[in-house]
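Protein chains in written order, with this note's numbering: chain Y, 222 to 679; chain L, 76 to 414.
Here is the structure we will look at.
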Amino acid sequence: MAQAFFGGVHPHDMKAATNEKAIEQLAPPAEVVIPMSMHFGAPCTPVVKVGDHVKVGQKIGEFHGLGAPIHASVSGTVKAVEPRPYSMGGNIMSVVIENDMKDELSEEVKAPANPDAMTVEEMIEIVKNAGIVGMGGATFPTHVKISGGIGSVDTVIINGAECEPYITGDHRTMLERPEEIIGGAIYLAKMFGVDKVVIGVEDNKRNGIDSMNKVIAEKHAPVVVEPLHCRYPQGGEKQLCQAVTGKQVPPGGLPSAIGCAVFNINTTCAIYRAITQGIPVVRKVVTVSGSGVIDPKNLECPIGTPVANLLDACGGLKETTYKLIAGGPMMGMAQYTAEIPVAKGTGAILAFCEDEEQTVEHPQCIRCGKCVAACPVHLEPLFMYQYASKGMVEELNELHIMDCMECGACSYICPARMHLTHMFKTGKQLVKNKAAADKAAAEKAAAEAAAKEQKKEA
Amino acid sequence: MTDYKNLKLIATSSPHIRSAENTRSIMLDVIIAMLPALGWSVWAFGVRALMVTCVSVIACVVWEWLYRKLLKRPQSVGDLSAVVTGMLLAFVCPVDVTYFAIIVGGFFSIVVAKQLFGGIGKNFVNPALVGRAMMLASFAGTMTTWAQFQAKSHLFGSTADVVTAATPMSYLHAKNLQGLLDSGVTLSDMFLGRIGGSLGEVSALMVIAGGIYLLARKIISWHTPVAYIATVAVLTFIFPRGNDSLTWMLFNLFGGGLMLGAFFMATDYATSPVTGKGQLIYGIGCGLITVFIRYFGSYSEGVCYSILMMNLLTALIDKYVKPQRFGVVKSEKKEAASK
Numbered sequence: 222m223a224q225a226f227f228g229g230v231h232p233h234d235m236k237a238a239t240n241e242k243a244i245e246q247l248a249p250p251a252e253v254v255i256p257m258s259m260h261f262g263a264p265c266t267p268v269v270k271v272g273d274h275v276k277v278g279q280k281i282g283e284f285h286g287l288g289a290p291i292h293a294s295v296s297g298t299v300k301a302v303e304p305r306p307y308s309m310g311g312n313i314m315s316v317v318i319e320n321d322m323k324d325e326l327s328e329e330v331k332a333p334a335n336p337d338a339m340t341v342e343e344m345i346e347i348v349k350n351a352g353i354v355g356m357g358g359a360t361f362p363t364h365v366k367i368s369g370g371i372g373s374v375d376t377v378i379i380n381g382a383e384c385e386p387y388i389t390g391d392h393r394t395m396l397e398r399p400e401e402i403i404g405g406a407i408y409l410a411k412m413f414g415v416d417k418v419v420i421g422v423e424d425n426k427r428n429g430i431d432s433m434n435k436v437i438a439e440k441h442a443p444v445v446v447e448p449l450h451c452r453y454p455q456g457g458e459k460q461l462c463q464a465v466t467g468k469q470v471p472p473g474g475l476p477s478a479i480g481c482a483v484f485n486i487n488t489t490c491a492i493y494r495a496i497t498q499g500i501p502v503v504r505k506v507v508t509v510s511g512s513g514v515i516d517p518k519n520l521e522c523p524i525g526t527p528v529a530n531l532l533d534a535c536g537g538l539k540e541t542t543y544k545l546i547a548g549g550p551m552m553g554m555a556q557y558t559a560e561i562p563v564a565k566g567t568g569a570i571l572a573f574c575e576d577e578e579q580t581v582e583h584p585q586c587i588r589c590g591k592c593v594a595a596c597p598v599h600l601e602p603l604f605m606y607q608y609a610s611k612g613m614v615e616e617l618n619e620l621h622i623m624d625c626m627e628c629g630a631c632s633y634i635c636p637a638r639m640h641l642t643h644m645f646k647t648g649k650q651l652v653k654n655k656a657a658a659d660k661a662a663a664e665k666a667a668a669e670a671a672a673k674e675q676k677k678e679a
Numbered sequence: 076m077t078d079y080k081n082l083k084l085i086a087t088s089s090p091h092i093r094s095a096e097n098t099r100s101i102m103l104d105v106i107i108a109m110l111p112a113l114g115w116s117v118w119a120f121g122v123r124a125l126m127v128t129c130v131s132v133i134a135c136v137v138w139e140w141l142y143r144k145l146l147k148r149p150q151s152v153g154d155l156s157a158v159v160t161g162m163l164l165a166f167v168c169p170v171d172v173t174y175f176a177i178i179v180g181g182f183f184s185i186v187v188a189k190q191l192f193g194g195i196g197k198n199f200v201n202p203a204l205v206g207r208a209m210m211l212a213s214f215a216g217t218m219t220t221w222a223q224f225q226a227k228s229h230l231f232g233s234t235a236d237v238v239t240a241a242t243p244m245s246y247l248h249a250k251n252l253q254g255l256l257d258s259g260v261t262l263s264d265m266f267l268g269r270i271g272g273s274l275g276e277v278s279a280l281m282v283i284a285g286g287i288y289l290l291a292r293k294i295i296s297w298h299t300p301v302a303y304i305a306t307v308a309v310l311t312f313i314f315p316r317g318n319d320s321l322t323w324m325l326f327n328l329f330g331g332g333l334m335l336g337a338f339f340m341a342t343d344y345a346t347s348p349v350t351g352k353g354q355l356i357y358g359i360g361c362g363l364i365t366v367f368i369r370y371f372g373s374y375s376e377g378v379c380y381s382i383l384m385m386n387l388l389t390a391l392i393d394k395y396v397k398p399q400r401f402g403v404v405k406s407e408k409k410e411a412a413s414k
């Protein structure tokens, strides 16, 4: 078994609720709401207007700078282009399409004549036009990662750890569509010019590993499946690199700094579908689970499907549900409304009706140091908490708060139930604000000095 | 499509799940780990041992409750930490300690050492040890009267007629290992606890059993106890008082409060460093001072004061011993420093 990373926690994986349930196709929704921001970077500009007829795969959002285009996920009429609630909080410009249920495929979607004869540039162009982003949740534009990594990357890693509890979409994909994963991995190997791709999988998905190994053997693919220790956050990009290569990504750096590039299982499948069939990202596998869901399931639905449709398909919610989460229980975002759509990075919708948080009224740190032992990036959460709560920015910097990736391991393990991760989110913002203020002050001082100089000369 | 508008959703920050372990369950585990030693002390010194422990626990809980009540602070006796302090305080007292003394000791432990500094997690010295240090200064007589093994102490009233004896520690302090052996105490007596001494300390075996339970339940990490015990072992082996290094070392390890100190006192969360490296330094420091006091001090036992002294250095250790930053390899750091 591969080397482990430092720290981490062992939450109960809760995957039994859905890991034996095949991915179901959701009944087509009457309407989809497609947010114009489903990637890391600036939001897209809508290129359709109300009343337009769109087909599946047609581009409806154009990106600028860092980003990826957005496509219609159903065919039908554009009903509205307006801000709507979305899973990252608040409202964002969205394109609302009324589904005509015809599922007409756009003329823009064309299967390449000979996928295996394509050049690297052609493949990257296809990945870019297909709107592929990191589908594990980080949503970093994939074409940028590939073109930026070529040359410096010698280890391509497919992230099949799926370390967040409850989520089983990747596991089911391994079992049901291993050829897409392996096919995508082969294209990635070609693009990066490496002779081996490593798929890291937590060893609680033995049958998934076997299923992929079978395809690898049949195709003689340059792919190795590496079973990993079952531990959160094994699927964190930096932790996965550490477990597979033994190397650590430098602070503030990307995996490419140590010659690694990491792609999610879903992303890999999307690359395969784009290169072989020309299909952009229009569908997503979502695990709907948690104590508040009556019949948990793995569902595949068009991007933009309202979450309510998914919940309906799972028998609805229990009345006592008090929390709805987009994403996993460790890093997902709690929602204040069910009126949000499925986005490219939405891997799970969880509903809780029991006290999974076990909140206490007056949390008191007992200095047990369990947070220090659990932090996968070697921080000291208990001290950071004290500084952050007092707004001591310099001390926070000294403790490297910006290295915190908000994985939630410290909060999870904390016996006193301190709100550590939350405090670090605000603490990081303090540090950023201070840096911005310092920069502005320095610029102002420089400008004043220059003005003085000018005056003198005059 | 169902309308989910009438759901009362709360939107809090991630993570949304927590491990089952909490402060209370940790304290409960510590209490469980102390039960074997308590059982042995009752067998060794009679029911009075149990009575002393109960009085100490009740005193500590009541002091804590009263303090929080009077100062209108959120009540904290539910976290069971006062119970742990009470048990530990009783464990470091002789069976014939007066009930009055232990109630005063409990006040010092809970109110002076812990609550005045803000309560659980905020105290900078181990409450039970501070209580003991204070009792040793104020009630020197009753704190240094050691009943013989299985001498019958009265539950109430005068304990003046109890058969007392010098503890093994006083023989060791006088560098008289031979005298101790001649008095009929064997190594297995020391290990099992068929000797006189403080309530919870006499049986090294029972304390180690509790310590192993704490390690297995991941309540404590191995760093502090291993560093502490190893330091004492190495020092006493290299510098024996007498001819037989090994016997001298083993008597030093099993005698006095070393095992209780290493597993239950030095590992106290609030007063020990939070990093593994820091805990090693802290454990070694405890070991050094313990041997120093035992060899050169006027007291025969040094565990209590050594831990208290290292408690004071904990903040300093935590300030300077930091985890290696993720992604920065040691050699690189050195290179950067030399540039």
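Virtual Cβ for every residue (Gly too), placed ideally from N, Cα, C.
If you're wondering where the values come from, they're calculated on a predicted model, not measured in any experiment.
Check                                                                                                             : Outcome
Unbroken beta strand (DSSP E) run spanning Y/L449, endpoints                                                      : 444 to 449
Residue burial classification, Y/P602 (beta-carbon count within 10 angstroms, cutoff 16)                          : buried
Below-9 Å beta-carbon distance, L/F401 vs any chain Y residue                                                     : yes
Coarse secondary structure for L/T161, derived from DSSP in three states                                          : One detail in the question is off: residue 161 of chain L reads as Gly in this sequence, not Thr. Three-state DSSP puts L/G161 in a helix.
Between the CA atoms of L/L163 and Y/P448 - distance to the nearest angstrom                                      : 46 Å
Residues that Y/L603 contacts on chain L, provided the C-beta gap is smaller than 7 Å                             : V349
Inter-residue spacing [alpha-carbon to alpha-carbon] between L/F183 and Y/T647                                    : 39 Å
Beta-ladder partner(s) of L/T173, from DSSP                                                                       : None; L/T173 has no bridge partner.
Presumed contact (8 Å Cβ cut-off) between Y/V389 and Y/N530, rounded CB distance                                  : Inspection of the sequence shows that residue 389 of chain Y is occupied by Thr rather than by Val. About 19 Å; that fails the 8 Å criterion.
Neighbour flag for L/I382 against chain Y, beta carbons, 9 Å                                                      : no
L/G194 at chain Y interface by Cβ criterion, 9 Å                                                                  : yes
Spatial distance of Y/V436 from Y/I291 (CA atoms)                                                                 : 32 Å
Residue interval of the alpha helix (DSSP H) (run including Y/A630)                                               : 630 to 634
7 Å Cβ shell around L/G372 - same chain, five flanking residues per side excluded                                 : none
Min CB distance Y/R638 to chain L below 9 Å                                                                       : yes
Rounded C-alpha distance that separates L/A110 from L/V277                                                        : The residue asked about is misnamed: residue 110 of chain L is Leu in this sequence, not Ala. Taking the straight line from one Cα to the other gives about 14 Å.
Cβ of L/L82 within 9 Å of any chain Y Cβ                                                                          : yes
With 16 other Cβ atoms within 10 Å as the buried cut-off, status of L/K414                                        : Any reading at L/K414 must be qualified, since the residue scores a pLDDT of 44, below 50, and its modelled position is unreliable; the value itself is stated next. Under this definition L/K414 is an exposed residue.
Which of helix, strand or coil DSSP assigns to Y/A223                                                             : The pLDDT assigned to Y/A223 is 48, lower than 50, so where the model puts this residue is not dependable; a value taken from the coordinates is nonetheless given after this. Coil.
Which of helix, strand or coil DSSP assigns to L/S381                                                             : helix
Three-state class that DSSP yields for L/F102 in the structure shown                                              : Note that residue 102 of chain L is Met in the sequence shown here, rather than Phe. Helix, per DSSP.
Within chain Y, partners of L/Y344 - CB distance below 8 Å                                                        : I587, R588, C589, G590
Own chain, CB closer than 6 Å to Y/E325, minus 5 neighbours either side, in chain order                           : K276, S296
Beta carbon of L/Y142 nearer than 9 Å to that of L/V186                                                           : yes
Which of helix, strand or coil DSSP assigns to Y/V240                                                             : According to the sequence displayed, residue 240 of chain Y carries Asn and not Val. Y/N240: coil per DSSP, three-state reduction.
Residue from Y/P501, Y/V509, Y/K349 with nearest C-alpha to Y/Y387                                                : Y/V509
Environment of Y/E669 [buried if 16+ CB atoms lie within 10 Å]                                                    : exposed
Interface residues of chain L facing Y/I524 [CB-CB closer than 8 Å]                                               : The contacting residues do not exist; Y/I524 stays about 18 Å from chain L at best.
Exposure of Y/P472, with buried meaning 16 or more beta-carbon neighbours within 10 Å                             : exposed
Element boundaries [alpha helix (DSSP H), containing Y/F573]                                                      : Careful: Y/F573 lies outside any alpha helix (DSSP H), inside the beta strand (DSSP E) at 569 to 573.
Beta carbon of Y/Y633 nearer than 9 Å to that of Y/M551                                                           : yes
Sequence ranges, alpha helix (DSSP H) only - wholly within the segment 349 to 396 of chain Y, length at least 4   : 363 to 370
Opposing strand residues paired with Y/G693 [DSSP bridges]                                                        : There is simply no residue 693 of chain Y to check, as chain Y begins at 222 and stops at 679 in what is shown.
Sequence ranges, beta strand (DSSP E) only - wholly within the segment 395 to 433 of chain Y, length at least 3   : 418 to 423
With 16 other Cβ atoms within 10 Å as the buried cut-off, status of L/I85                                         : exposed
The segment 232 to 240 of chain Y / the segment 494 to 513 of chain Y touching (three or more Cβ pairs under 8 Å) : yes
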